[in-house]
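*Asks:*
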Amino acid sequence: MRNVYLDQQRAMRYIRGDLQGALHNCDGLIAAEPQEAAHYVHRGIIRQTLNDLDKALADYDTALQLSPRCVVALINRGLLHTARADYADALADYNYALYLDPKNAIAYNNRGLVSKALGNITGAIADYCAAVRLDPHNPVLYNNRANAYVATGALDRALADYDQALHLNPRYAGAYDNRSTVRDKLGDVEGALADRSRAVAYTSGSSLHLAPLQPR
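Everything in the sequence shown is counted per the numbering used here, starting at 4 for the first residue and increasing by one.
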């Protein structure tokens, strides 16, 4: 019962932003159940949020030693590798995550981000399309696919995706900012200015909390 209480307390503290308190709960859970991979994953997520990347990586590694098919650990470790520009390691984690769970939209999205960073725009778009098919109500996916379309010069497709992202989340500051750039390129100066104003208005406190999904 004590471990259930600690885990519930950890979750509530994390949601409320008390990361140090949540970290303390994770330490207690690991001391009580050192063979439980989920505790290391949770602690890794908290440490990653605190930008303590070396310790977060160690936690994900431990989780995967205990549970080699843990998709959440693979995705989060891939996200950490991406943040460090260790793209080969990130791709390996996402590829294995998708082998284990072929319907994981987060893994497709995050692999798309890596492909785009490596200049493989075609591969990135394919991954974003797969993610959208699996999770069609997620605005981050449309925003990320639109960014890839911009890189190919397909501005009309990009605009349609930004529109859909904002239909799903009318307070999505990043999508307004990105759409303003496309509207400006298409000669819609008034629309671009309006989007920039909305982006500024919604920037504080408007980000979509979808960890480990990585919006841009």
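Glycine included, C-beta positions come from ideal geometry on N, C-alpha and C.
1. What number of angstroms, rounded off, separates the C-alpha of A86 from the C-alpha of E193?
2. Thinking C-alpha only, which one of N113, I124, L83 and V153 is nearest L144?
3. Excluding the five sequence neighbours on either side, which residues of its own chain have a C-beta within less than 7 Å of the C-beta of K58, listed in chain order?
4. Among R182, D191 and L137, which residue has its Cα nearest to the Cα of A202?
5. On the CB-based measure, 16 or more other CB atoms within 10 Å of its CB, does H212 come out buried or exposed?
6. Judging by CA-CA distance, which residue of Q23, D21 and S70 is the nearest neighbour of Q38?
7. Less than 8 Å between the C-beta atoms of N79 and V44, yes or no?
8. Suppose the cutoff is 8 Å on Cβ atoms and the five residues either side in sequence are ignored; what does the same chain contact list for K188 look like?
9. Skipping 5 residues on each side, what residues in its chain have a beta carbon closer than 8 Å to that of V74?
10. Decide if G208 is buried, meaning its Cβ has at least 16 other Cβ atoms within 10 Å, or exposed.
11. Look at the Cβ atom of A168, then the Cβ atom of P142, and state whether they are nearer than 8 Å.
12. Relative to the alpha-carbon of A149, which residue among A120, Y165 and L137 has its alpha-carbon at the smallest distance?
13. Quick test of your reading: A66 and A76, contact by CB under 8 Å. State the CB separation rounded to the nearest angstrom.
14. For S118, which three-state DSSP category applies?
15. Quick one: give me the first and last residue of the alpha helix (DSSP H) that P142 is part of.
*Replies:* So, from the listed chains and residues:
1. 35 Å
2. N113
3. R50
4. R182
5. Note that H212 scores 35 on pLDDT, short of 50, meaning its location in the model is unreliable and no value can be drawn from it.
6. The residue with the shortest Cα to Cα distance from Q38 is S70.
7. yes
8. L158
9. Listed in chain order, the non-local C-beta contacts of V74 below 8 Å within the same chain comprise A100, L103, D104, N107 and A110, local neighbours out to five positions each way being set aside.
10. Since pLDDT at G208 reaches only 44, below the 50 mark, its modelled position is unreliable, and the value read off the structure follows with that caveat. G208 is exposed by the Cβ-count criterion.
11. Contact: yes.
12. Y165
13. 4 Å
14. helix
15. P142 to T155
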